[in-house]
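As structure tokens, the structure follows; a few thoughts come after it.
Protein chains: 2
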Amino acid sequence: MKNIKLGLLGLGTVGSGVLQMVRQNADKILDVTGCKLTVKTALVRNLDNYTKYAAETSLTTDFDEILNDDEIKIVVELMGGIHPAKEYITTLLKNHKNVVTANKDLIASYGPELMAVAHENHCDLMFEASVAGGIPILRTIANSFTADKVTEVKGIVNGTTNYILTQMSQQGWSYHQALAQAQQLGFAESDPTNDVTGKDAAYKMIILSQFAFGTQLDIKDIAVEGIDRLNDADVQQAAAFGYVIKLLGIAKLVNNGVFVEVGPVLIPRDHPLATINNEFNAVMVTAQAVGDTLFYGRGAGGLPTANSVLSDITTVTKNIILGTNGNLFNNYQQPYIPAKLADIKYPYYLSLTLQDVPGQMLKLTQMMTDVNASFREITQTKDGKIAHIAIITHRMSKEQLQTLLTKVANDQSINLSAAYKVMG
Amino acid sequence: MKNIKLGLLGLGTVGSGVLQMVRQNADKILDVTGCKLTVKTALVRNLDNYTKYAAETSLTTDFDEILNDDEIKIVVELMGGIHPAKEYITTLLKNHKNVVTANKDLIASYGPELMAVAHENHCDLMFEASVAGGIPILRTIANSFTADKVTEVKGIVNGTTNYILTQMSQQGWSYHQALAQAQQLGFAESDPTNDVTGKDAAYKMIILSQFAFGTQLDIKDIAVEGIDRLNDADVQQAAAFGYVIKLLGIAKLVNNGVFVEVGPVLIPRDHPLATINNEFNAVMVTAQAVGDTLFYGRGAGGLPTANSVLSDITTVTKNIILGTNGNLFNNYQQPYIPAKLADIKYPYYLSLTLQDVPGQMLKLTQMMTDVNASFREITQTKDGKIAHIAIITHRMSKEQLQTLLTKVANDQSINLSAAYKVMG
């Protein structure tokens, strides 16, 4: 039996989950890996807040204590944020320590650079927990779709917004009512900006694209729209059309170009993704041979995320035993070729208000015709002198859509409040 | 670049899918594994039927040609059945060839024995495709839940019966109507016995239990009921109660005992497993830390199954490169302790017919009371002198259920036609 000692950077919800799992499931870990794992040292900001852990794990405020401890073979980074996490991880790898992290912002921005450092130093760098909490999606794409061609990865990868959208849809609440409740219940942070603007989901889609297509995108390559401007009227109108609105990340191969986008999408009510509710996440992977597959589970929370961290730790442990550290977590690498706007085609849901005077509808129809777009469904309701129009178009390209939106924006009497993709 | 040569035993739907994937995705496989894979030789029964493959792969009717070819490092067994597959695989492993198989009957019955032979000979034996076709469920349990305690695995793991049940539920068809259509469309074989009696699902549950709990069960340890005696009236009655009937395999830890059963189960309409339709499969894994996770995809078909075979082939390939063949696919091993009947508790759906004479209902109620069981819902309909009773009970143990069923069987005037577990 071999003893492997771990270091932890950060001892919050996930960190304490890791401690708990290592202790509770020690027998099974020993049975499967042949190793006894111990968390030797944890880096914290303030020793006084963590005294309850001091019996089993030594606490420190000094990073060097972990860095210079030769007994520690695996370091788990759970601090979050880019700095100093990036510098810490780089230094650890250069000192031949294997690293496991749940840091999505860091991996989305510097994943390939850090993986190269790990590889050069014959160390592992793994980050299953950075996407979709408890769902083992990265390892699955890397190991189980190796010989297939992944054509699309789409998913509900942010639990906060999915909780809010579920409440808006099921309770008829406004965005602000649902957000307030999510904050009260701990499903949304007091500053929810990163979640509700779609930025958190965009980072996760960057990492999923690395695994699915081998490409490295920058957040600037992605059109990102959140749910912070979503109207409850549109949620209800979508329901009347037979759809549920979800914040969906889509990463898709279109004529061998890569297209990644995050935004509200109308999903048919009987589609598996429409049934993913509250804080749950789901990722649908479509590949040429295997077809549609879906992976569902808790997207956040201390223990589910800790389980993904532990799956990395046990993989690194097996590699230590076999002497095979230093292979890339994801070794599929391709140049990023953006998809052409003319090739990216969806039906769209358009929500507009028109001044209710004669000829307005003709003008809108003319604009649609000018870009060669057409309606599949349309409803009109009146509110005094204002007409609300909701349209589901036939499939149109992003190029057509952008021309149409420019035309609409240039007309004072027509106001567009939403343009969302429609699935199905 | 390293060349790795494969041998195939069997060249049916899955075998030709493997050939197609190896050829079509050669670049990606090379990129990810650093190896070029080639299917060098395929064993077939009749050379004349496979001439279209002869340009790229040498065909033979002689197993020894593959066994004695030193260039062939990985052999894929796709013949099915226990004999001679077991002897072939044993001989191959003893000759230091790595083996990938999709043979569920063989692995369910002799998995641990064959894995031991592989381990002794420093070879890999992998069998992802033996359960749930395209869903990468075995590798996920082995690699992603290593440090968690899996408490339950349940799933829809037979596509034929799920297709039949979907048609019975959605079209109101009888079992025989739905089976006939499934056979016409190729979703059921001309002899569907193994599927419709639940035997196929039971073998898959044995393999899932090996991975989830480390235990080796025999098919005799499992209560197996199929759908071949399922009444359309019960499908409709379940719908009226708000449930969908699915053929569900359940493997569960109950007070640290293992309980595995296959049978029709009533699933609440809004549960994710209730939405899995037609030939699709889904497996739900519940573990202590991670909670509920669900994996969904095509359960059969040439290409989805070939993808799982390829995930094994690429894993073996990486092991060849690293020199790490011979580690167990699943190295979690525990003794099998059966759960106590008194500990296994579910609500049950009971379907009965009574002669409609005074005192019958009192008799039935008395029988329930005698075993300390009680109703949650009950409906009665009449058909001449016969009363049909459908009951959903409160939770009761299998011990209580068996006592009740014996009492009912001993009474000439009460006839029980179904006793199915109820989820949720």
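Line order of the protein sequences matches chains A and B.
For the working numbering, count along the first sequence from 1 and bump the result up by 39.
For the working numbering, count along the second sequence from 1 and bump the result up by 39.
C-beta: ideal position from N, C-alpha, C; glycine also.
1) For L471(A), I'd like the list of residues in its chain whose CB is within less than 6 Å of its CB, leaving aside the five on either flank, ordered along the chain.
2) Return the CA-CA distance between M154(B) and G253(B), expressed in angstroms with no decimal places.
3) Excluding sequence positions up to five away, which residues of its chain have a Cβ less than 7 Å from the Cβ of Y127(B)?
4) Within the 8 Å Cβ cut-off, does S183(A) reach chain B?
5) Compare the C-alpha of G397(A) against each of H215(A), K424(A) and L380(A) and name the closest.
6) Please work out which residues of its chain come closer than 8 Å, Cβ to Cβ, to E228(B), disregarding the five sequence neighbours upstream and downstream, and give them in chain order.
7) Run through chain B and tell me which residues come within less than 9 Å of M118(A), C-beta to C-beta.
8) So, L106(A) versus T130(A), is the Cβ gap smaller than 8 Å?
9) Taking Cβ to Cβ, would you say S413(B) is nearer than 8 Å to M406(B)?
10) Contact defined as beta carbons within less than 8 Å: I believe L269(B) pairs with P303(B). What is the distance between those atoms, to the nearest angstrom?
11) List the residues of chain A whose Cβ lies closer than 8 Å to the Cβ of M60(B), in chain order.
12) What residues from chain B crowd round Q372(A), counting only those whose CB sits closer than 8 Å?
13) Of all Cβ atoms in chain A, is any one closer than 8 Å to the Cβ of R308(B)?
14) Would you report the Cα separation of A240(A) and I266(A), rounded to the nearest angstrom?
15) So Y214(B) packs on A147(B), CB below 8 Å; how close in whole Å?
16) Please report the straight-line C-alpha distance between R178(B) and G340(B), rounded to a whole angstrom.
17) Ordered along the chain, which non-local residues of its own chain (more than five positions away) have a Cβ less than 6 Å from that of Y202(B)?
18) Reducing DSSP to helix, strand and coil, say where F252(A) ends up.
19) Expressed to the nearest angstrom, what Euclidean distance is found between the alpha-carbon atoms of D351(B) and I430(B)?
20) Helix, strand or coil for Y459(B) per DSSP?
21) Output, in chain order, the set of chain A residues within a Cβ distance shorter than 8 Å of T363(B).
22) Apply the 10 Å Cβ neighbour rule to I376(A) and answer buried if 16 or more other Cβ atoms are within range, or exposed otherwise.
23) Between H135(A), D273(A) and K143(A), which has its C-alpha nearest D163(A)'s C-alpha?
24) Are the C-beta of R434(A) and some C-beta of chain B separated by less than 8 Å?
25) Along the chain, which unbroken stretches of the beta strand (DSSP E) at least 3 residues long are found entirely within the region 164–225 of chain B?
26) Quick one: Cα of V263(B) to Cα of Q441(B), how far?
27) Counting along the chain, where does the alpha helix (DSSP H) carrying E95(A) start and finish?
28) By the three-class DSSP mapping on this structure, what secondary structure does Q451(B) have?
29) Assign R337(A) to buried or exposed, taking buried as 16 or more other Cβ atoms, counted over all protein chains shown, within 10 Å of its Cβ.
30) Does the ligand HEM have a heavy atom nearer than 7 Å to the CB of T404(A)?
31) Pull up the distance between the alpha-carbon of T353(B) and that of L401(A), whole angstroms please.
32) Identify every residue that forms a DSSP beta bridge with L145(B).
33) Helix or strand or just coil, what does DSSP make of L286(A)?
34) Which residues does DSSP pair with C74(B) in a beta bridge?
35) Closest to A124(A) by C-alpha separation, out of I111(A), T140(A), D109(A) and E110(A), would be which residue?
36) Should M40(A) be labelled buried (16 or more other beta-carbon atoms within 10 Å of its own) or exposed?
Once the coordinates are examined:
1) Only positions 40 to 463 of chain A appear in this structure, which leaves residue 471(A) out of reach.
2) Locating residue 154(B) in the second sequence gives position 115, where the first residue counts as 1. Locating residue 253(B) in the second sequence gives position 214, where the first residue counts as 1. M154(B) and G253(B): Cα-Cα distance of roughly 13 Å.
3) Taking the second sequence and counting its residues from 1, the one referred to as residue 127(B) is at position 88. Result list for Y127(B): L48, F102 and E116, in chain order.
4) Indexing the first sequence from 1 puts residue 183(A) at position 144. For S183(A), the answer is yes, since a Cβ of chain B falls inside 8 Å of its Cβ.
5) The count along the first sequence starts at 1 and reaches residue 397(A) at position 358. The sequence as given places Pro at residue 397(A); Gly does not occur at that position. Per the Cα distances, K424(A).
6) Within the second sequence, the letter at position 189 stands for residue 228(B). Excluding sequence neighbours, E228(B) sits near T199, Q222 and D234.
7) Here the question's residue 118(A) lines up with position 79 in the first sequence. Within 9 Å Cβ-Cβ: nothing; M118(A) doesn't reach chain B, min ~21 Å.
8) On the first sequence, position 67 is the one that residue 106(A) refers to. On the first sequence, position 91 is the one that residue 130(A) refers to. Result yes, Cβ atoms of L106(A) and T130(A) sit closer than 8 Å.
9) Locating residue 413(B) in the second sequence gives position 374, counting from the first residue. Locating residue 406(B) in the second sequence gives position 367, counting from the first residue. Taking 8 Å as the Cβ cut-off, S413(B) and M406(B) do not qualify as a contacting pair.
10) In the second sequence, residue 269(B) corresponds to position 230, counting from 1. In the second sequence, residue 303(B) corresponds to position 264, counting from 1. About 6 Å separates the two Cβ atoms, so the contact holds.
11) Counting from 1 along the second sequence, the entry for residue 60(B) is found at position 21. Near M60(B) (Cβ distances below 8 Å), the residues of chain A are A186, D187 and A328.
12) As a first step, residue 372(A) is located in the first sequence; it is residue number 333 there, counting from the start. Within chain B, the residues near Q372(A) are D70.
13) Position 269 of the second sequence holds residue 308(B). For R308(B), the answer is no, since every Cβ of chain A falls outside 8 Å of its Cβ.
14) As a working mapping, residue 240(A) is identified with position 201 in the first sequence. As a working mapping, residue 266(A) is identified with position 227 in the first sequence. A240(A) and I266(A): Cα-Cα distance of roughly 12 Å.
15) One-based indexing of the second sequence puts residue 214(B) at position 175. One-based indexing of the second sequence puts residue 147(B) at position 108. Not a contact, Cβ separation roughly 26 Å.
16) On the second sequence, position 139 is the one that residue 178(B) refers to. On the second sequence, position 301 is the one that residue 340(B) refers to. Those two C-alpha atoms are separated by around 20 Å.
17) By one-based count along the second sequence, residue 202(B) stands at place 163. Excluding residues within five positions, the ones whose Cβ falls inside 6 Å are A221, F226, N317 and E318.
18) Taking the first residue of the first sequence as position 1, residue 252(A) is located at position 213. Looking at F252(A) - three-state DSSP - the assignment turns out to be helix.
19) For this step, residue 351(B) is matched to residue 312 along the second sequence. For this step, residue 430(B) is matched to residue 391 along the second sequence. Distance between the alpha carbons of D351(B) and I430(B): 46 Å.
20) Reading the second sequence from its first residue, position 420 is the one you call residue 459(B). The answer is strand: DSSP assigns Y459(B) an E or B state.
21) Locating residue 363(B) in the second sequence gives position 324, counting from the first residue. What T363(B) touches in chain A: L361 and T363.
22) Working through the first sequence from its first residue, we reach residue 376(A) at position 337. So I376(A) ends up on the exposed side.
23) Here the question's residue 163(A) lines up with position 124 in the first sequence. Residue H135(A) is the option with its Cα nearest to D163(A).
24) Mapped onto the first sequence, residue 434(A) falls at position 395. R434(A) does not count as touching chain B.
25) 189–195
26) For this step, residue 263(B) is matched to residue 224 along the second sequence. For this step, residue 441(B) is matched to residue 402 along the second sequence. Looking at the backbone, the Cα of V263(B) and that of Q441(B) are separated by about 15 Å.
27) Your numbering for residue 95(A) matches position 56 in the first sequence. Segment: none, E95(A) is in no alpha helix (DSSP H) and carries neither H nor E.
28) In the second sequence, residue 451(B) corresponds to position 412, counting from 1. If DSSP states are grouped into helix, strand and coil, Q451(B) belongs with coil.
29) By one-based count along the first sequence, residue 337(A) stands at place 298. So R337(A) counts as buried.
30) The ligand HEM is not part of the structure shown, which contains no ligands of any sort.
31) Locating residue 353(B) in the second sequence gives position 314, counting from the first residue. Locating residue 401(A) in the first sequence gives position 362, counting from the first residue. Going by C-alpha positions, T353(B) is about 59 Å away from L401(A).
32) Position 106 of the second sequence, counting from 1, holds the residue named residue 145(B). None; L145(B) has no bridge partner.
33) In the first sequence, the residue the question calls residue 286(A) occupies position 247. The answer is strand: DSSP assigns L286(A) an E or B state.
34) By 1-based counting over the second sequence, the position of residue 74(B) is 35. DSSP output for C74(B) lists K41(B) as bridge partner(s).
35) Translated into positions along the first sequence, residue 124(A) becomes position 85. Among I111(A), T140(A), D109(A) and E110(A), the Cα nearest to that of A124(A) is on T140(A).
36) What you label residue 40(A) is simply residue 1 of the first sequence in a count that begins at 1. Its Cβ having fewer than 16 others within 10 Å, M40(A) is exposed.
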